[in-house]
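Data first, discussion second: the structure below is written as structure tokens.
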Amino acid sequence: MERHGPQGWWPINGIYHKDDYSYPHNEVEIFEICAGAILTQNTSWKQVEIALENLKKLNLLDCGVIVNVADTVLKDAIRPAGYFNQKAKKLKFFSEFFRCLNGRTPTREELLNVWGIGPESADSILLYGYSVPTMVIDTYTKRLFFEFGIIDDIKISYGELKSLCESELQVDLKLFQEFHALIVQHCKSASRVRI
DNA sequence: AGCCAGGCTACCG
DNA sequence: CGGTAGCATGGC
9 MERHGPQGWW PINGIYHKDD YSYPHNEVEI FEICAGAILT QNTSWKQVEI ALENLKKLNL
69 LDCGVIVNVA DTVLKDAIRP AGYFNQKAKK LKFFSEFFRC LNGRTPTREE LLNVWGIGPE
129 SADSILLYGY SVPTMVIDTY TKRLFFEFGI IDDIKISYGE LKSLCESELQ VDLKLFQEFH
189 ALIVQHCKSA SRVRI
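Residue numbers (the numbering used here): 9 to 203.
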């Protein structure tokens with residue numbers, strides 16, 4: 009935090025709310041976070057921003073619209089984010105799920121049962137979309153912890169590292185949100201992970 | 001020219 | 001269970 013400052017994740021409409029943690033405050037913003045979580049799977053955020061803008065222009069950042077739109081239109085819009093066949097399918101499945109929630113906060117298990125939503129996407133959606141203080145783990149986290157010698161096996165499971173992080177930190181929404189965002193920011197900005 | 005990017009599913013032993 | 005191919009585009 010001293011080095012990089014607050015990250016203000018999750019960006020909504022391209023804006024990082026570093027001094028205002030009241031986001032998200034409506035269903036539209038929550039859905040945008042969910043869509044972003046799916047689109048950014050193994051893909052740089054820069055490409056995701058383009059895809060999100062395309063979706064917005066076409067009024068496709070809406071679960072009710074996505075479930076009915078032609079696949080070709082959806083795929084064209086998200087093409088810059090890569091894996092467009094897979095991600096179009098994921099967005100369709102998730103939109104159906106999101107619509108059925110009717111505004112209710114989903115459980116982690118429910119999210120994991122949606123095709124295309126794995127542990128990191130589920131935790132990102134909960135932490136940043138629904139303000140649930142749950143830890144997000146990604147490949148950067150594993151690499152950083154391995155470099156620091158906190159873990160001795162780079163192949164540690166998602167659940168194990170998640171439990172480790174959660175047990176060593178105060179359960180606090182903003183702390184968890186910044187913790188993951190800062191790890192990503194640090195690893196992105198450094199050619200080498202180590203300080 | 002390759003490797004990587006805010007992973008996940010399907011399928012293998 | 002753990003391990004891995006395939007998925008696709010763009011930046012460096």
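Cβ atoms here follow ideal geometry from the backbone N, Cα and C, with glycine treated the same way.
Put residue i into one of helix, strand or coil per three-state DSSP.
i: I20; result: strand
i: V201; result: Bear in mind that the predicted position of V201 carries a pLDDT of just 47, short of 50, making it too unreliable to give a figure here.
i: W204; result: Since the first and last residues shown for the chain are 9 and 203, residue 204 lies out of range.
i: I38; result: helix
i: H188; result: helix
i: A78; result: coil
i: Q15; result: coil
i: I162; result: coil
i: R107; result: helix
Quick check on this structure: which residue in the options has the alpha carbon closest to the alpha carbon of residue i?
i: Y148; options: G111, S52, S175, K64; result: S52
i: I20; options: L135, P32, V81; result: P32
i: K4; options: F39, R151, V77, E174; result: Lying outside 9 to 203, the shown extent of the chain, residue 4 is not represented and no answer is given.
i: V140; options: A45, V179, Y166, F39; result: V179
i: L177; options: L99, I41, T142; result: T142
Excluding the 5 residues preceding and the 5 following residue i in the sequence, name in chain order all residues of the same chain whose CB lies nearer than 6 Å to its CB.
i: W123; result: F101
Give a yes or no on whether the C-beta atoms belonging to residue i and residue j are separated by under 8 Å.
i: E128; j: V144; result: yes
i: D131; j: V192; result: no
i: A59; j: L82; result: no
i: L63; j: A78; result: no
i: C71; j: F39; result: yes
Keeping to the same chain, check which residues put their C-beta closer than 7 Å to that of residue i; ignore five residues upstream and five downstream.
i: E35; result: G111
i: I46; result: K95, K98, L99, F102, G124, S129
i: P88; result: Q55, I58, A59
i: Y136; result: W17, W18, I41, Q185
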